[in-house]
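Written below as structure tokens is the structure these notes are about.
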Ligand code: FES
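In the working numbering, the protein residues as written are 44 to 159.
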């Protein structure tokens with residue numbers, strides 16, 4: 044699975060604090076993306092430890108624009124600040140991942156509909 048040029052990437056933590064549910068989270072995300080036909084704008088990748096192990100299982104949701112992730116958003120996340128282009132789903136369950144895919148999929152569709 045490749046990262047979308049404009050869309051969202053869900054990074055599922057496979058680290059020791061999260062791995063007990065990471066396969067279920069990944070499958071839930073992939074199934075929801077397929078069901079909503081969002082494969083061209085959303086991707087699921089494995090990652091390893093975001094440093095918030097005690098709050099896991101965690102999934103990093105990041106917005107990609109013009110083929111790049113938003114580095115400022117990631118720095119904000121590390122500093123504990125909020126940014127709409129990168130956030131962690133803490134203590135994620137499959138339903139949380141499905142909701143995130145649905146919400147961002149709807150956002151992307153709405154943005155496309157506004158394009159000239
Ligand atoms: S093991 Fe998942 S955040 Fe550290």
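Beta carbons: idealized from backbone N, C-alpha and C, even for Gly.
Since the model is a prediction, treat every value here as computed from it, not as a measurement.
Does the beta-carbon of residue i have 16 or more other beta-carbons within 10 angstroms, so that it is buried, or is it exposed?
i: residue 76; result: buried
i: residue 121; result: exposed
i: residue 148; result: buried
i: residue 143; result: buried
i: residue 73; result: buried
Is residue i near residue j, with beta carbons less than 8 Å apart?
i: residue 88; j: residue 52; result: yes
i: residue 135; j: residue 117; result: no
i: residue 45; j: residue 107; result: no
i: residue 85; j: residue 60; result: no
i: residue 79; j: residue 145; result: yes
Starting from residue i and walking both ways along the beta strand (DSSP E), at which residues does that stretch end?
i: residue 129; result: 129-132
i: residue 50; result: 50-56
i: residue 86; result: 85-90
i: residue 103; result: 102-108
Taking 6 Å as the limit between beta carbons, can you name the residues of its chain near residue i, skipping five residues before and five after?
i: residue 112; result: 105
i: residue 69; result: 55 and 87
i: residue 141; result: 71 and 75
i: residue 126; result: 116 and 119
i: residue 91; result: 57 and 58
Using a Cβ-Cβ cutoff of less than 8 Å, which residues in the same chain neighbour residue i once the five nearest sequence positions on both sides are dropped?
i: residue 63; result: 100
Among residues of its own chain, excluding the 5 on either side of residue i, which ones have a beta-carbon nearer than 7 Å to its beta-carbon?
i: residue 93; result: 56, 101, 103 and 131
i: residue 110; result: 48
i: residue 137; result: 67, 68 and 71
i: residue 83; result: 47
With respect to the alpha helix (DSSP H) encompassing residue i, which residues constitute its N-terminal and C-terminal limits?
i: residue 68; result: 62-78
i: residue 142; result: 137-157
i: residue 114; result: 114-121
Can you confirm whether the region 100-113 touches the region 51-71 when touching is taken to mean that 3 or more C-beta pairs between the two stretches lie within less than 8 Å? Output reads yes: the region 100-113 touches the region 51-71.
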